[in-house]
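Data block below; observations after.
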Amino acid sequence: MTDKRARNEFLKEESHYLRGTIVDGLSHVETGAISEDDTQLIKFHGSYMQDHRDVRGERAKKKLEKAYSFMIRLRLPGGLVSPEQWLKLDDIAGTYANGTLRLTTRATFQYHGVIKSNLRRTMQAIHGACLDTIAACGDVNRNVICAGNPFFSPLHAASADLARKVSDHLLPKTSAYHEIWLDGEKVEDKTRPAEPDTEPLYGRHYLPRKFKTVIVVPPVNDGDVLAHDLGYIAIADGNGALAGWNISVGGGMGMTHGDTKTFPRTADLLGFCAPEQAVDVAEKVMLVQRDWGNRENRANARLKYTIERVGIDKFRAEVESRLGYKLGAPRPFKFTSMGDPLGWHQGPDKKWHLGLFIENGRIADKPDHHLRTALREIANSGGVTFSLTGNQNLIVCNVGTRQKSKIETILKQHGIDIAISSGLRRNSISCVALPTCGLALAESERFLPELITALEESLDKAGLRNDDIVIRMTGCPNGCGRPYLAEIGFVGRAPGLYNLYLGAAFDGTRLNKLYAQDVGKARIIELLEPLLLRYANERNEGEHFGDFVIRAGVVKPTLGGNTFHADISLVS
Ligand code: SRM
Ligand code: SF4
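Note that the working numbering gives residue 346 to position 333 of the sequence shown, counting from 1, and the numbers run on in steps of one.
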């Protein structure tokens, strides 16, 4: 009988616990690339090989190899960094990467443009900041994200604590990372026996596919809990302390254009667990997916497809049998938004916290807008903690009253206005896309800001400039900016062309619907402006744009299930 497992399954099996031939590949100075197999394995170490797509054509004409470089993603469970760490991470951006720091939709940092000969040095510098990149990518439990700002309430603190515990518990145990990046000699010493690695949780095949965990504290759904494989929703007792967690499973965004067997899906509620059971639940959910996930077809290997296949009841029964106890019934909760608290807020301990909107998460210095320098100076002034959010934003936490005015001066000096030009921009997310992402079909990070500027004219006509409307764009259907949970979502189809989705819930609990296919900038504005005007004139008190377009019959709601692959509402 032929073995139908996907190619990556063999790669993992033969990789000697994620070593592959990475070390050998790093030593080949004649190329900026590593082998194709190693590009799969290096993901488990937190890095992707990429090439600069803007110069692909020009280099091909000159018969030069692609302009290869590496993206590096940090593991940062809980999303917190100290000022000392910030300064070190900023140094790395300038020394080894492209001079920018990129905050991601899963509340960590990415570096772009690290060349092969600097990879090891960069990993070592990250280690020097007491951080790592282990399992930031690959078929493992990835970075665990939690509610922004752990200083805001005991539940926020509990969510950051759980993020660290789950991340640590589910971390791969292979010593390959340390060998390859931090202590290269071990591997090169052929006389030494290989490390006797085992992976008690993962085994040699790790998971069928990536596995993502998120923790949120209602009423704010800042991590988009229903978009992840595993989610925890904090439930308070009568005194505001943590009673336990509702658990959600089987969310995910990625799909492929034209393949109806792939689809975005919002998670199901699995049950409720006590605080001390939460890590055990993460382990058992992940292990059921390890054993039941599809290892033949990677396009259908995420937990969301396992749950679609077996049903939530059978999945729950298996998790409970491995736990040895039953989960409680999910407890009531309510979300009101997905956004971050932007601007200045005073916490319960009277300290100030500054929510900074970072457009598309990119921290760079631009003429008249020296964001990177300003944040460096804030870090230099000490005392604060930086909290990254799942909306690509940053909260500067624990600011004293005197330091508050100092920070305000720094921001002003560097041209950073904490007031955002519109409610649309304030609620915008874009994935990276071009020029680094190898999967991008269209621009995203380099296009969304300009599209919003154009749409702000429409908002002005409708008197909606300050209304919060969630808008998200991605350069392909993989959904890295979670566009299917945006009131206005764009998904790249081809250069300059996007599918337009409308009608998701403002609080992240309902997927949107395809409204128009292959639309460019001018057509997008032509389609959206009349809808915004209608919304301004016809909306009910407090009604959000995503709810309005459904009530007004512009798109059908996503009903009777967690997916939207059927029942499309297209404009002609
Ligand atoms: Fe993502 C692949 C960037 C969050 C779904 N994602 C990629 C790659 C690595 C492209 C690749 O495989 O070659 C992108 C690198 C671009 C670059 O140049 O940096 C990439 N994903 C990102 C980030 C940086 C987007 C951002 O602008 O912030 C986010 C990093 C998160 C992190 O820190 O870990 C990012 N990706 C997401 C999310 C959102 C989330 O998890 O909340 C999703 C949708 C949720 C989900 O997983 O379903 C997401 N990324 C994907 C997929 C589709 C997965 C699927 O099951 O269908 C891919 C492609 C794949 O895995 O084959 C992908
Ligand atoms: Fe790349 Fe597509 Fe993800 Fe955007 S959504 S970063 S284009 S994989």
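All C-beta atoms, glycine included, are put in the ideal place defined by N, C-alpha and C.
A check of alpha carbon separations from I431 across Y497, V445, C450, L407 identifies L407 as the nearest. Pairing I433 with K425, the inter-Cα distance amounts to about 14 Å. For P277, the distance from the CB to the nearest heavy atom of the ligand SF4 is not below 8 Å. A contact is defined here as three or more CB-CB pairs under 8 Å, and the segment 468-482 fails this definition with respect to the segment 393-401. Between the C-alpha atoms of I537 and T449 there is a straight-line separation of about 25 Å. C150 has its Cβ nearer than 8 Å to a heavy atom of the ligand SRM. Non-local beta-carbon contacts of P90 in its own chain, meaning distances under 7 Å to residues more than five positions away in sequence, involve N156, V157, A176, R177, S180 in chain order. Considering only A507, G521, L468, R308, the residue with the shortest C-alpha distance to D152 is R308.
By the CB criterion at 9 Å, Q123 and M84 fall inside the cutoff. Of the residues K364, R439, F370, the one whose Cα lies closest to the Cα of S418 is K364. With respect to the C-alpha of K25, the residue from I429, T349, Y215, L472 having the closest C-alpha is Y215. For R88, DSSP records a beta bridge to D145.
Separation of the CB atoms of E469 and R459 is rounded to 18 Å, and the pair is thereby denied contact status at 8 Å. Less than 9 Å separates the beta-carbon of T571 from that of L524.
Distance from the C-beta of A535 to the nearest heavy atom of the ligand SRM is not below 8 Å.
Per DSSP, the unbroken beta strand (DSSP E) holding D281 starts and ends at 281-286. For K339, the CB contacts under 7 Å within the same chain, skipping 5 residues up- and downstream, are E333 in chain order.
Ranking I442, I55, L437, G368 by CA distance to the CA of F558 puts L437 first. By the C-beta density criterion, P380 is exposed, having fewer than 16 other C-beta atoms within 10 angstroms. Contact annotation: N373 and L461 have beta-carbon atoms nearer than 9 Å. Shown here for G236: same chain residues with a beta carbon closer than 6 Å to its own, the five before and five after excluded, namely I158, V227, V229, G403 in chain order. Fully enclosed alpha helix (DSSP H) runs of no fewer than 4 residues occupy 384-393 of the segment 327-411, in order along the chain. For L540, the shortest separation between its Cβ and any heavy atom of the ligand SRM does not lie below 8 Å. An exposed status is given to A507, since fewer than 16 other beta-carbon atoms sit within 10 Å of its beta-carbon. With respect to the C-alpha of E49, the residue from A475, T34, L544, H58 having the closest C-alpha is T34. In the three-state reduction of the DSSP assignment, Y497 falls in the helix class.
Secondary-structure assignment with DSSP links S172 through no beta bridge to anything. Judged by DSSP secondary structure, Y318 falls within the alpha helix (DSSP H) whose first and last residues are 316-323. Around the beta carbon of E43, fewer than 16 other beta carbons sit within 10 angstroms, so the residue counts as exposed.
Secondary structure of H270 (DSSP, three-state): coil. By alpha-carbon distance to N154, the top candidate from N512, A330, M351, R315 is R315.
Around F57, the same chain offers L31, G151 as residues with beta carbons nearer than 6 Å, after the five sequence neighbours per side are excluded.
In the DSSP assignment, K101 falls within the unbroken alpha helix (DSSP H) covering 96-108.
Under the three-state reduction of DSSP output, T414 falls in the helix class. For I248, the beta-bridge partners assigned by DSSP are G257. Beyond the five residues adjoining it in sequence on each side, L132 comes within less than 6 Å, by CB distance, of F83 in the same chain, given in chain order.
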